[in-house]
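Shown next, in structure tokens, is the structure this report addresses.
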Amino acid sequence: MSLHSITESITTSGSLLTTEIPTDWTQGRTGYGGLTAALCLKAAQQLEPERPLRSAFIGFVGPSSGEVTVNAEVVRVGRNTSSIRSSLSSAQGRGVEALFTFSAARPSVLNQEGPAAPIAPPPPDTQAPGYREGAPEFTRHLEFVWASDTIPFANCRKPRVMSWVRHRDPASRDHPLALLCLADALPPAIATTLDGFSPLSSMTWVVDFFDDTPTTEDGWWLLESHSDFATGGHSSQDMTIWNTRGKCVAKGRQMVTVFA
Numbered sequence: 003m004s005l006h007s008i009t010e011s012i013t014t015s016g017s018l019l020t021t022e023i024p025t026d027w028t029q030g031r032t033g034y035g036g037l038t039a040a041l042c043l044k045a046a047q048q049l050e051p052e053r054p055l056r057s058a059f060i061g062f063v064g065p066s067s068g069e070v071t072v073n074a075e076v077v078r079v080g081r082n083t084s085s086i087r088s089s090l091s092s093a094q095g096r097g098v099e100a101l102f103t104f105s106a107a108r109p110s111v112l113n114q115e116g117p118a119a120p121i122a123p124p125p126p127d128t129q130a131p132g133y134r135e136g137a138p139e140f141t142r143h144l145e146f147v148w149a150s151d152t153i154p155f156a157n158c159r160k161p162r163v164m165s166w167v168r169h170r171d172p173a174s175r176d177h178p179l180a181l182l183c184l185a186d187a188l189p190p191a192i193a194t195t196l197d198g199f200s201p202l203s204s205m206t207w208v209v210d211f212f213d214d215t216p217t218t219e220d221g222w223w224l225l226e227s228h229s230d231f232a233t234g235g236h237s238s239q240d241m242t243i244w245n246t247r248g249k250c251v252a253k254g255r256q257m258v259t260v261f262a
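For the sequence shown, the numbering used here assigns the number 3 to the initial residue and increments by one for each residue that follows.
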């Protein structure tokens, strides 16, 4: 099932949202974090359908799979900003705690551009190669075109990853949840420095959006992550997203636990 299909299968009852995380949207023993975050956002947008998403704080507090329910509640609605809390649960217990901040752009003297896009080959005009055996199941639904000289678990010197990413299903590329859903698709940057596979898991994720309605061409987004701190089994990384025109549309931070 594509992102579009999953959202079409959602049932709602008041502020409660229910759907299924298919096995091909999992990452290890849990649902892919980008999808569970997107489902939390979907529930929040039920309560704040007008203002655009400006910032998201996601806590991956436990595994989630199978049937999931998401409950959203208004924390506060102010003159310019709305804050909505969402909680996702499954038979395994609480899986995700999220806080979303919605705020529309307004006239301002400030006009500072985000970081320039790094040098990268343009995305292809054709569909990227399909699923690679051994990759996380959720990657079946996304297309990746690697754009950095570092790859996971290859004992590289630089803890950095970069790739063009888009939804494989054309109907999902312009979906309101599309960008948040794929924004967590890259493997943790610190994985490039490991000389063999080790389990890794996202703990927290903060992402800020700079446009009310980010757009790109053919669904492609350039994602880049680099780790700037790693010790004691944890790594902190900086994350950036650009559209095909080189405009920075989002910045994020993530804490990852590494079992190595």
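We treat Cβ as the ideally placed atom computed from N, Cα and C, and that holds for glycine.
Predicted model only: the values in this text are computed from it and were never measured.
Proximity of residue i and residue j at Cβ, strictly below 8 Å
i	j	result
S4	S165	no
V163	P189	yes
C183	G36	yes
T206	M241	no
G68	A93	yes
L43	S17	no
A58	A39	yes
I23	V70	yes
L209	A252	The question names Leu, yet the displayed sequence has Val at residue 209. The answer is yes: Cβ separation under 8 Å.
G30	S66	no
L41	T13	no
H228	A191	yes
Terminal residues of the beta strand (DSSP E) in which residue i lies
i	result
T233	W223 to T233
R162	R162 to H169
C250	C250 to V260
I8	Segment L5 to E10 is the alpha helix (DSSP H) holding I8; no beta strand (DSSP E) there.
L182	Not the beta strand (DSSP E): L182 falls in the alpha helix (DSSP H), residues A180 to L184.
E69	G68 to V79
I243	H236 to W244
S84	T83 to S92
A100	G95 to S105
L144	L144 to W148
S204	L202 to F211
Residue from the options with nearest C-alpha to residue i
i	options	result
G235	F140, S204 and D214	S204
E139	S7, L18, H6 and D26	D26
A137	S15, V208 and P201	P201
L19	S7, A74, L179 and G30	A74
D197	E226, A156, T215 and A185	A156
L112	L49, F212, T83 and A193	F212
A232	S15, R134 and T259	T259
G248	A262, W223 and F261	W223
E172	E219, A187 and I192	Here the sequence assigns Pro to residue 172, which means Glu is not the residue at that position. Ranking the options by Cα distance to P172, first place goes to E219.
H6	V77, H228 and R170	R170
R81	V72, V63, T103 and G64	T103
R168	G254, T141 and T152	T141
T217	A193, R255, P178 and H228	P178
P154	Q47, T83, W244 and T194	T194
Residue interval of the alpha helix (DSSP H) (run including residue i)
i	result
A345	Outside the displayed range of the chain (3 to 262) lies residue 345, so it cannot be described from this structure.
> Are three or more beta carbon pairs between the stretch 70-90 and the stretch 111-125 nearer than 8 Å?
Replying inline: no
> Hey, is the stretch 141-149 in contact with the stretch 125-132, meaning 3+ C-beta pairs nearer than 8 Å?
Replying inline: yes
>> So within the stretch 15-65, which uninterrupted alpha helix (DSSP H) runs reach at least 4 residues, ignoring any that extend past its ends?
In response: 35-49
> Is there contact between the stretch 54-74 and the stretch 100-109, where contact requires at least three CB pairs shorter than 8 Å?
Replying inline: yes
> Whole beta strand (DSSP E) runs in the stretch 108-153 with 3 or more residues, listed along the chain?
Replying inline: 144-148
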